[in-house]
Amino acid sequence: MYKPEAEIQFPKDFLLGAASSAHQVEGNNKNSDWWHYEELGKVPKSGLATDHYNRFDEDFGIAQSIGLNAMRISIEWARIEPQPGTWDMEAVEHYRKVLQSMKQRGLTRMVTLQHFTLPWWLAKRGGFSASNADELFARYCVFVVENLINDVELWVTINEPEIYSRMTRFLGLHPPFKKNIISALWYGHCLVKSHKAAFRAIKKSFPNVKVGIAKNDVYNEPARRSHWLDRLTAKVMNYFGNEYFLVRISNELDFIGLNYYFSHVVKLSLFGGYETVNRNAPMSDMGWRTYPEGIYHLLLDLKKYHKPIYITENGIANSSDDMRQRFIFEHLEWTKKAMEQGADVRGYFYWTLVDNYEWHDGFDPKFGLVELNNETLARKVRTSSEIFKQIKIG
Ligand code: IFM
626 MYKPEAEIQF PKDFLLGAAS SAHQVEGNNK NSDWWHYEEL GKVPKSGLAT DHYNRFDEDF
686 GIAQSIGLNA MRISIEWARI EPQPGTWDME AVEHYRKVLQ SMKQRGLTRM VTLQHFTLPW
746 WLAKRGGFSA SNADELFARY CVFVVENLIN DVELWVTINE PEIYSRMTRF LGLHPPFKKN
806 IISALWYGHC LVKSHKAAFR AIKKSFPNVK VGIAKNDVYN EPARRSHWLD RLTAKVMNYF
866 GNEYFLVRIS NELDFIGLNY YFSHVVKLSL FGGYETVNRN APMSDMGWRT YPEGIYHLLL
926 DLKKYHKPIY ITENGIANSS DDMRQRFIFE HLEWTKKAME QGADVRGYFY WTLVDNYEWH
986 DGFDPKFGLV ELNNETLARK VRTSSEIFKQ IKIG
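If you're matching positions, the sequence shown starts at 626 in the working numbering and goes up one per residue.
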């Protein structure tokens, strides 16, 4: 097991947490689009997932015991508004209990309002591309903020808008399984519109709450730095993958959430488009090449927005648990270096606390700091989680 020699020191108030999303952990999300397609056998069944819906207190207790001081969770729109305009107050009360349990465990609360799933009634109308989806989303967001305002410190509107558009409308891997580039681009545009509508509506009623977005960025590096075509390829990819969305919402953000998993080494392909060249770097169980230094470059690039930054996700699928400590430590080391260069980073959330439902890959990838026994749902803390003892805050 990797054992770092040094410790890393972060400033007082730095958040060190883990991130999760409702559908991936709660279980029994029966009114969502994913559940619908799971029942049809088009994606693996999530079933009880990790049963976080009932075991949240145990999970937050584990988070506290391994040295975390924050958690990012998400709220399931389909639970709050199972039918259009019908608000389920029992669901609201459930989330209040969840959030209060986090507080009792000393965890600062970051809450995502939409993380890949939709109420089935809205999905049937085209999801975020429905004609008034931005108003419906804003209405739902305001309702949640109004009811839970005293129990949340940081709000995130939408998780990974490009990934969400790409998986659902271009790659056809997530519901509704479309493979159409125009539809994916349009969906991205609709997500921009919905984020803006939600941000403005929330801020109009509650000007002091902090609202951001969780944006997935890939760090693209030119294969040959000396070759202008490779440099251009990387630049174009960084622009369309990382900046295009943020630039359009930069006036509607209190903070930027960065989700970072990997980087690509790219060059222009002879057949048009681009090719990725394999970096000689350790690979996760999902074939993702790790590259901690990439987070440094992305953080420095985000400085130009002059907003606080939270690393809202960073994690590795590693069932043998032999890579996770180094992965976390090195990403935090590069984060610290970026902070020394002026990046205003306020926190880091590892993805994820307990092994969870990884969408179309089912329960196979093991991202957790905590191992889940899928039969008994028992939790077992992985050795790698000891790494947080090496991270000092204050
Ligand atoms: O599990 C996902 C999460 O839902 C979004 N970001 C990436 C994670 C790991 O693949």
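Cβ coordinates follow ideal geometry from the N, Cα and C atoms, glycine included.
Note that this is a predicted model, so its numbers are computed, not measured.
May I ask whether a heavy atom of the ligand IFM can be found less than 8 angstroms away from the beta carbon of residue i?
{"i": "His799", "result": "no"}
{"i": "Tyr720", "result": "no"}
{"i": "Asn784", "result": "yes"}
{"i": "Arg657", "result": "Note on identity: in this sequence residue 657 is Ser, with Arg being the wrong assignment. Incorrect: Ser657 has no Cβ contact closer than 8 angstroms to the ligand IFM."}
{"i": "His889", "result": "no"}
{"i": "Glu756", "result": "First, the amino acid is wrong: residue 756 is Ser here, not Glu. For the ligand IFM, not one heavy atom lies less than 8 angstroms from the Cβ of Ser756."}
{"i": "Gln739", "result": "no"}
{"i": "Thr901", "result": "no"}
{"i": "Ser790", "result": "no"}
{"i": "Glu615", "result": "Residue 615 lies beyond the stretch modelled for the chain, which goes from 626 to 1019, so this question has no answer here."}
{"i": "Gly987", "result": "no"}
{"i": "Pro907", "result": "no"}
{"i": "Trp660", "result": "no"}
{"i": "Tyr930", "result": "no"}
{"i": "Pro990", "result": "yes"}
{"i": "Ser671", "result": "no"}
{"i": "Gly940", "result": "yes"}
{"i": "Trp984", "result": "yes"}
{"i": "Ser944", "result": "no"}
{"i": "Thr915", "result": "no"}
{"i": "Thr675", "result": "no"}
{"i": "Trp702", "result": "no"}
{"i": "Thr793", "result": "no"}
{"i": "Asn654", "result": "no"}
{"i": "Asn867", "result": "no"}
{"i": "Trp712", "result": "no"}
{"i": "Trp811", "result": "no"}
{"i": "Trp745", "result": "no"}
{"i": "Tyr975", "result": "no"}
{"i": "Asn884", "result": "yes"}
{"i": "Ser690", "result": "no"}
{"i": "Asn841", "result": "yes"}
Count the other CB atoms within 10 Å of the CB of residue i; is the residue buried (16 or more) or exposed (fewer)?
{"i": "Tyr973", "result": "buried"}
{"i": "Leu641", "result": "buried"}
{"i": "Phe865", "result": "exposed"}
{"i": "Gly993", "result": "buried"}
{"i": "Val872", "result": "exposed"}
{"i": "Thr1001", "result": "exposed"}
{"i": "Leu816", "result": "buried"}
{"i": "Arg704", "result": "buried"}
{"i": "Glu771", "result": "exposed"}
{"i": "Ile687", "result": "buried"}
{"i": "Ile807", "result": "exposed"}
{"i": "His931", "result": "exposed"}
{"i": "Leu857", "result": "exposed"}
{"i": "Pro832", "result": "exposed"}
{"i": "Lys991", "result": "buried"}
{"i": "Arg849", "result": "exposed"}
{"i": "Glu718", "result": "exposed"}
{"i": "Phe896", "result": "exposed"}
Tell whether a beta-carbon distance below 9 angstroms holds between residue i and residue j.
{"i": "Val843", "j": "Phe870", "result": "no"}
{"i": "Glu632", "j": "Gln950", "result": "no"}
{"i": "Ile953", "j": "Ser1009", "result": "yes"}
{"i": "Glu938", "j": "Arg697", "result": "yes"}
{"i": "Thr782", "j": "Thr737", "result": "yes"}
{"i": "Phe768", "j": "Glu701", "result": "no"}
{"i": "Lys829", "j": "Asp759", "result": "no"}
{"i": "Lys1017", "j": "Phe635", "result": "yes"}
{"i": "Ser726", "j": "Phe685", "result": "yes"}
{"i": "Asn999", "j": "Phe1013", "result": "no"}
{"i": "Leu779", "j": "Tyr720", "result": "no"}
{"i": "Asp676", "j": "Arg971", "result": "no"}
{"i": "His820", "j": "Ile838", "result": "yes"}
{"i": "Glu900", "j": "Lys840", "result": "no"}
{"i": "Ala644", "j": "Thr915", "result": "no"}
How close, in whole Å, do the beta carbons of residue i and residue j come, if the pair is a contact with beta carbons under 8 angstroms?
{"i": "Ser944", "j": "Asp969", "result": "Ser944 to Asp969, Cβ: 35 angstroms. No contact."}
{"i": "Ile920", "j": "Trp959", "result": "5 angstroms"}
{"i": "Ala859", "j": "Glu868", "result": "The Cβ separation is near 13 angstroms, so there is no contact."}
{"i": "Asp776", "j": "Leu732", "result": "About 12 angstroms separates the two Cβ atoms, so there is no contact after all."}
{"i": "Leu883", "j": "Leu923", "result": "6 angstroms"}
{"i": "Pro917", "j": "Met948", "result": "No, Pro917 and Met948 are not in contact; Cβ-Cβ is about 11 angstroms, not under 8 angstroms."}
{"i": "Gly967", "j": "Lys928", "result": "6 angstroms"}
Can you confirm whether residue i, when its beta carbon is compared against all beta carbons of chain D, has any partner nearer than 9 angstroms?
{"i": "Lys722", "result": "Here chain D cannot be found, since the structure has a single protein chain."}
Cβ pair count under 8 angstroms reaching 3, the segment 868 to 888 against the segment 814 to 825: Flag = yes, the segment 868 to 888 and the segment 814 to 825 touch.
Cβ pair count under 8 angstroms reaching 3, the segment 663 to 671 against the segment 714 to 732: Contact fails: fewer than three Cβ-Cβ distances are below 8 angstroms.
The segment 634 to 653 / the segment 979 to 986 touching (three or more Cβ pairs under 8 angstroms): With the cut-off at 8 angstroms, the segment 634 to 653 and the segment 979 to 986 touch.
Contact between the segment 740 to 748 and the segment 651 to 662 (3+ Cβ pairs under 8 angstroms): By the Cβ criterion, the segment 740 to 748 is in contact with the segment 651 to 662, since at least three pairs of Cβ atoms, one from each stretch, lie closer than 8 angstroms.
Cβ contact check for the segment 749 to 760 and the segment 687 to 696: 3 or more pairs under 8 angstroms: In short, these stretches do not touch, since the Cβ pair count stays below three.
The segment 845 to 853 contacting the segment 775 to 793, beta-carbon criterion three pairs below 8 angstroms: No, the segment 845 to 853 is not in contact with the segment 775 to 793.
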